[in-house]
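The numbers in the working numbering rise by one with no breaks, and the one at position 266 of the sequence shown is 258. Below is one structure, written out as structure tokens, with a few remarks after it.
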Amino acid sequence: MPNSFWYLSLVFISLIVFILVYIKSNHFRKDLAVYIFAAGLSFFGEVIVLILFQAYDYYPHFLKEHWSDNIVGALISQGFIIPIALMAIGAFQLREKWVILIIFVIILIEELFLRLGIYEHNWWLTWYTFGLLLFASYIMKWWRRKLNNPSIWMQFITIYMLFTIILHTITFFLSAVLKLSWYSMDLFESIYKDHTILKTMINIILTIPLTAIVLFSYKYVTLIALFIFTVIFNTVLIKLGILYVIDFKVVIVIAFIHLFIVFIVKRFNDYLFPGEKDFV
């Protein structure tokens, strides 16, 4: 069977678990907030472990270029199977024996992928996965309990993580799939690593004001200012030789995409944390 079959199987299994949580949950919006938090943490973990230190490699064979294909594998692992499993653990406040059973199943999947040659350890060890998931399970259970009476900082972190997930996915699609834009500062020997780390750092910084806009200043004038700033900022990056685009129209498209993302995240915020009045 092709490598992609096994990775798509992970997506399918993850979606089944997600649907089960939705059906069984009494407070799904809080459980969804746990998923967002878990996926955001998984993303930051992958930046360190996969991108910076190349602990392992994924081989889903969705894209021809290995670096981009590797990122797709990471998106499936850290965007579906891991955060959804952690969401289920947090949603149902599972006891240790069930947590360990779930982690054991994930470990078996990891070992299967290793044997199939569709995933490879460079310096990573399987017990690292076990330890991190066990630690993460306690964090997610605690986070889910705190969401019963969330503070503003919990709301900020959740929305920040949501922006991080969306921006990372879209910028990856624009660069790796559509080949519309590319970042480079020659910080690393690999142009792909250079691009990925640079765009990640830019997104991490930009996500802070975007989150603030959604929570504290979701107004027409702020959104217009955001559009203008995005165009100017990316234009400056182009002039500095940091951002490359196939056409300047891409800069305008990116600015509109940012506005659309803010609109979507605002709707998620209103769903996850009801009570805030929308300006529309």
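A virtual CB, placed ideally from N, CA and C, is assigned to each residue, including glycine. As the structure is a computational prediction, the values presented were derived from the model and not from experiment.
When secondary structure is reduced to three states using DSSP, H58 falls in the helix class. Under DSSP, E112 forms a beta bridge with D49. For L235, the enclosing beta strand (DSSP E) begins and ends at 235 to 237.
Judged by DSSP secondary structure, S173 falls within the beta strand (DSSP E) whose first and last residues are 173 to 175. The three-state secondary structure of E102, taken from DSSP, is helix. Within its own chain, the residues whose Cβ lies closer than 7 angstroms to the Cβ of V41, once the five positions on either side in sequence are excluded, are A47, listed in chain order. Within the same chain, no Cβ atom closer than 8 angstroms to the Cβ of L117 is found once the five residues on either side in sequence are excluded. Listed in chain order, the beta strand (DSSP E) elements of length 3 or more contained wholly in the region 163 to 219 are 173 to 175. A distance of 8 angstroms or more separates the beta carbons of Y120 and Y50. An exposed status is given to R107, since fewer than 16 other beta-carbon atoms sit within 10 Å of its beta-carbon. Under the three-state reduction of DSSP, H250 is assigned to helix. The Cβ-Cβ distance between D23 and G82 falls below 8 angstroms. Taking a contact to require three or more Cβ pairs closer than 8 angstroms, the region 86 to 99 and the region 27 to 34 do not qualify as touching. Going by beta carbons, I43 and I183 fall outside the 8 angstroms limit.
Distance check between M146 and each of T192, M193, F265 places F265 closest, using alpha-carbon atoms only.
Around the beta carbon of F208, a 10 Å sphere encloses fewer than 16 other beta carbons of the protein chains shown; the residue is thus reported as exposed. Between L218 and V243, the C-beta gap is not smaller than 8 angstroms, which leaves the two residues out of contact. With a threshold of 16 other beta carbon atoms within 10 Å, V64 meets it and is buried. Around the beta carbon of I144, fewer than 16 other beta carbons sit within 10 angstroms, so the residue counts as exposed. DSSP places R107 within a helical segment (H, G or I) once states are collapsed to three. When the alpha-carbon of D178 is set against those of L124, A168, G233, K133, the nearest one is in G233. Under the three-state reduction of DSSP output, S17 falls in the coil class, being neither helix nor strand. In the structure shown, the three-state DSSP call for S69 is helix. Note on S69: 16 or more other CB atoms within 10 angstroms of its CB, so buried under the neighbour-count rule. Here Q147 carries a helix assignment [DSSP, helix/strand/coil]. A direct Cα-to-Cα measurement between S167 and V9 gives close to 31 angstroms.
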